[in-house]
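A.B. asks: Residue 0 is where the first sequence starts when you use numbering that gives the first Met the number 0, and the numbers rise one by one after that. Here a beta-carbon is modelled for each residue, glycine too, at the ideal position from N, C-alpha and C.
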Amino acid sequence: MSDIRVRIAPSPTGPLHVGTARTALFNALYARHTGGTFFLRLEDTDVARSTLAFETDILTGLHWLGISWDEGPDTADGADRGPYGPYRQMQRLELYKSAVEDLLARDLAYLCFCTAAELDADRKAQEAARLPPRYVGRCGLLTADERASRSAAAGSAAIRFRVRPGIVAFEDAVRGPVEFDTSNLGGDFVIVRGDGTPLYHFTVVVDDAAMKVSHVIRGEDHLSNTPKHILLFRALGHPVPTFAHLPLILNPDRTKMSKRKSQTAISDYIAEGFIREAIVNYLALLGWSTGTEEEILSFEEIAARFDLDHVQKGGAVFDRERLEWLNGQWIRRLADEDLVTRLLPFLEADHVAGRIDRTPTAEEIRILLPMIRERLPILGAVGDLIGFLWIDRLTVDPATIVPKRWDIATTRDGLHAARAVIAETGAVSFEADELEPPLRALAEARGWKAGDLFMAIRVAVTGRTATPPLFDTLVALGRDRALQRLDAAIDALASASG
RNA sequence: GCCCCCAUCGUCUAGAGGCCUAGGACGCCACCCUUUCAAGGUGGAGAUCAGGGGUUCGAAUCCCCUUGGGGGCACCA
């Protein structure tokens with residue numbers, strides 16, 4: 000195992016986001032490719048917004064995608080694995096505390112007594128003067144004595160890290176050399192809240208250092224935060240890891256992908272019937288490419304090819320159409336039993352929702368696979384496709400039964416004749432190959448276009464104009480039910496025509 | 001406002017000075033196949049490589065400027 004250590008550090012303040020999943024994926028791929036270690040750390044210091052439900056959603060979502068970590072908590076309430084635990088920041092408070100004390104002792108950080116009102120006033124003044132917002136440094140100038148007395152009086156104070164003048168430069172693994180003047184960092188920044196809980200910029204550095212992270216692979220939205228982190232790594236006396244900032248995933252209007260404008264929760268995609276292979280494949284190709292024309296690739300195949308050199312610099316619009324296409328490609332590649340297992344929950348959900356009257360058995364679905372496999376862009380489409388098979392009383396609008404070129408009388412006539420032909424076919428030989436010839440012969444004998452006759456039968460028996468091949472559908476339905484639905488349709492047409 | 005990043009078909013991208021009159025994929029259109037819908041096959045439209053200057057015998061590829069877009073500037077992460 001190499002010394003490469005990467006991580007995903009989600010914050011349980013929302014459901015698993017497409018962007019988080021992509022970042023996790025890239026880290027996991029990088030670790031797999033280099034023989035390094037990939038771990039997960041929960042950044043739960045925003046106690047007000049963090050919840051166990053979100054934690055569960057994130058962990059199960061990542062597991063579901065097949066992204067697994069070598070160290071960290073596997074479940075929301077489970078124990079951590081790995082030598083650098085705990086892997087939850089709220090359980091690492093002591094570590095941050097001693098790191099802060101160290102900084103305080105060396106005057107690299109200081110107590111800040113500014114109130115929210117003061118800070119707000121500063122900010123407004125800066126805004127009015129058209130100056131960039133920054134902390135004015137008021138408390139940084141306090142003498143030790145002043146600080147001691149204010150501290151005694153105030154009771155609680157935030158802690159700020161001193162930002163000294165200078166240039167911070169680093170080599171980003173995807174962007175190349177990047178440079179920041181520390182005077183543009185917004186002044187001394189808060190690392191510990193007034194209530195004593197540490198803030199992101201601080202904990203992320205303390206932990207990445209303690210957990211020996213070698214490569215920080217994260218979204219580009221953190222690029223501007225990187226100099227702060229580097230300053231902290233240095234102040235704490237730790238080596239600075241390599242940074243790799245991934246391009247952002249975008250809304251169609253090219254702004255950062257957001258809940259407002261896009262579907263961002265992985266769980267929503269799962270609920271629709273996107274499968275992990277497709278999501279992983281799609282996400283990997285969003286901002287990265289093999290450099291070749293290969294595009295349908297499994298996690299393993301991607302891991303074997305993955306590198307940071309082919310990571311794109313510009314943001315990428317999330318294209319659902321392309322995801323659906325890939326999903327269809329992967330559905331076609333699944334083994335029969337696997338597809339059945341994945342389809343079942345969607346049919347169960349349709350049953351529960353009352354869209355169908357019973358949940359079919361695995362065996363029933365397995366038999367239908369050849370006729371539905373290539374017609375499913377997402378698993379959730381299965382009910383729409385063949386749900387009519389498990390509906391007890393199908394109600395069909397008579398108007399839809401009549402083919403475009405036909406009138407009601409012809410349709411009744413056609414269905415009646417077709418019924419007779421189908422009825423002649425015994426239960427034993429009720430197969431697609433047995434049904435097609437006589438029905439075609441019927442159409443020819445009566446001078447009908449076979450397509451029109453078939454369409455009338457199709458709608459009569461399924462209630463829809465787009466279905467799997469008709470004869471397979473009739474067989475799936477069974478002779479009795481097919482005849483019964485034909486009768487019902489004929490009746491419906493009779494009353495429709497008066 | 002300040003700082004930083006980015007810029008090839010509508011979208012995802014290939015491209016690391018000549019192989020590019022820019023390739024692939026999604027989507028779109030047409031045709032073939034065909035009982036509908038898909039799938040599949042074939043073909044097509046679609047990018048003067050954001051614009052302008054350089055460098056070079058030669059630039060999508062290197063440099064500069066402009067324009068455009070995005071991200072960040074919290075006691076959120």
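Going by DSSP in three states, residue 309 sits in which element: helix, strand or coil?
C.D. replies: Secondary structure of residue 309 (DSSP, three-state): coil.
A.B. asks: Considering Cα atoms alone, identify which of 140, 13, 202 is closest to residue 231.
C.D. replies: Residue 202 is the option with its Cα nearest to residue 231.
A.B. asks: Which residues does DSSP list as the beta-bridge partners of residue 72?
C.D. replies: 79
A.B. asks: Does the region 93 to 106 come within contact of the region 63 to 70, defined as at least 3 CB pairs closer than 8 Å?
C.D. replies: no
A.B. asks: So the candidates are 406, 400, 349, 363; which of them puts its Cα closest to the Cα of residue 380?
C.D. replies: 349
A.B. asks: For the putative contact between residue 74 and residue 58, defined by C-beta atoms under 8 Å, what is the C-beta separation to the nearest angstrom?
C.D. replies: 6 Å
A.B. asks: In terms of DSSP beta bridges, what is residue 109 paired with?
C.D. replies: DSSP output for residue 109 lists 159 as bridge partner(s).
A.B. asks: Who are the near neighbours of residue 461 in its chain, counting only those whose CB is closer than 6 Å to its CB and skipping five residues on each side?
C.D. replies: Around residue 461: 387.
A.B. asks: Which term fits residue 262, buried or exposed, when burial requires 16 or more other beta carbons within 10 angstroms of its beta carbon?
C.D. replies: With fewer than 16 Cβ atoms within 10 Å of its Cβ, residue 262 is classed as exposed.
A.B. asks: Write down the C-beta distance between residue 317 and residue 248 rounded to the nearest angstrom, noting that I regard them as a contact closer than 8 Å.
C.D. replies: Contact flag correct, Cβ pair sits at about 5 Å.
A.B. asks: May I ask you to report which of helix, strand or coil DSSP gives residue 180?
C.D. replies: Strand.
A.B. asks: Which first and last residues belong to the beta strand (DSSP E) in which residue 36 is found?
C.D. replies: 36 to 39
A.B. asks: Mind pulling the alpha helix (DSSP H) runs of 4 or more residues that sit fully within the region 387 to 436?
C.D. replies: 397 to 400, 407 to 423
A.B. asks: Please classify residue 237: does DSSP put it in a helix, a strand, or coil?
C.D. replies: Here DSSP, grouped into helix, strand and coil, assigns residue 237 to coil.
A.B. asks: For residue 254, count the other beta carbons within 10 Å of its own beta carbon; 16 or more makes it buried, fewer makes it exposed. Which is it?
C.D. replies: exposed
A.B. asks: With 16 other CB atoms within 10 Å as the buried threshold, where does residue 267 fall?
C.D. replies: exposed
A.B. asks: Beta carbon of residue 140, beta carbon of residue 149: below 8 Å?
C.D. replies: no
A.B. asks: Applying the 10 Å Cβ sphere with the 16-neighbour rule, what's the burial state of residue 130?
C.D. replies: exposed
A.B. asks: Need the endpoints of the alpha helix (DSSP H) that residue 293 sits in, please.
C.D. replies: Careful: residue 293 lies outside any alpha helix (DSSP H) and carries neither H nor E.
A.B. asks: Look at the alpha carbon of residue 367 and the alpha carbon of residue 459, and state the distance between them as a whole number of angstroms.
C.D. replies: 20 Å
A.B. asks: So what does DSSP say about residue 369, is it helix, strand or coil?
C.D. replies: Note: residue 369 maps to helix in three-state DSSP.
A.B. asks: Look up residue 42 in the DSSP assignment and say whether it is helix, strand or coil.
C.D. replies: Coil, per DSSP.
A.B. asks: Which runs of the alpha helix (DSSP H) fall wholly inside the region 214 to 289 and span at least 4 residues, in chain order?
C.D. replies: Under the rule that a run must span 4 or more residues, the alpha helix (DSSP H) segments found entirely inside the region 214 to 289 read 225 to 234, 265 to 271, 275 to 283.
A.B. asks: Please report the Cβ distance between residue 418 and residue 338, rounded to the nearest whole angstrom; I am assuming they are in contact, meaning their Cβ atoms lie under 8 Å.
C.D. replies: Contact flag wrong, Cβ pair sits at about 34 Å.
A.B. asks: Relative to the C-alpha of residue 421, which candidate in 344, 364, 483, 222 has its C-alpha closest?
C.D. replies: Of the candidates 344, 364, 483, 222, the residue whose Cα lies closest to the Cα of residue 421 is 483.
A.B. asks: Tell me whether residue 227 is buried or exposed, calling it buried when 16 or more other Cβ atoms sit within 10 Å of its Cβ.
C.D. replies: Answer is buried; the Cβ neighbour count reaches 16.
A.B. asks: Please confirm whether residue 24 and residue 279 have their CB atoms less than 8 Å apart.
C.D. replies: yes
A.B. asks: Using only alpha-carbon positions, find the residue among 345, 88, 22 that is nearest to residue 359.
C.D. replies: Distances from the alpha-carbon of residue 359 to those of 345, 88, 22 put 345 closest.
A.B. asks: If the criterion is Cβ atoms closer than 8 Å, does the pair residue 252 and residue 258 meet it?
C.D. replies: no
A.B. asks: Check whether the Cβ of residue 156 sits closer than 7 Å to any heavy atom of the ligand ADP, and report yes or no.
C.D. replies: Although the ligand ADP was asked about, the structure shown includes no ligands whatsoever.
A.B. asks: Just list the residues that DSSP pairs residue 169 with in beta bridges.
C.D. replies: 177
A.B. asks: Between 33, 215, 220, which has its C-alpha nearest residue 18's C-alpha?
C.D. replies: Out of 33, 215, 220, 220 has the C-alpha closest to the C-alpha of residue 18.
A.B. asks: Using DSSP with H/G/I as helix, E/B as strand and the rest coil, what is residue 317?
C.D. replies: coil
A.B. asks: Could you name the residues of the same chain whose beta carbon sits closer than 7 Å to that of residue 326, not counting the 5 residues immediately before and after it, in chain order?
C.D. replies: 273, 274, 277, 376, 377
A.B. asks: In its own chain, which residues sit with a C-beta less than 6 Å from the C-beta of residue 265, not counting the 5 before and 5 after it?
C.D. replies: Apart from the 5 residues on each side of it in sequence, residue 265 sits with its Cβ closer than 6 Å to the Cβ of 15, 20, 60 in its chain, given in chain order.
A.B. asks: Distance, Cα to Cα, residue 283 vs residue 301?
C.D. replies: 8 Å
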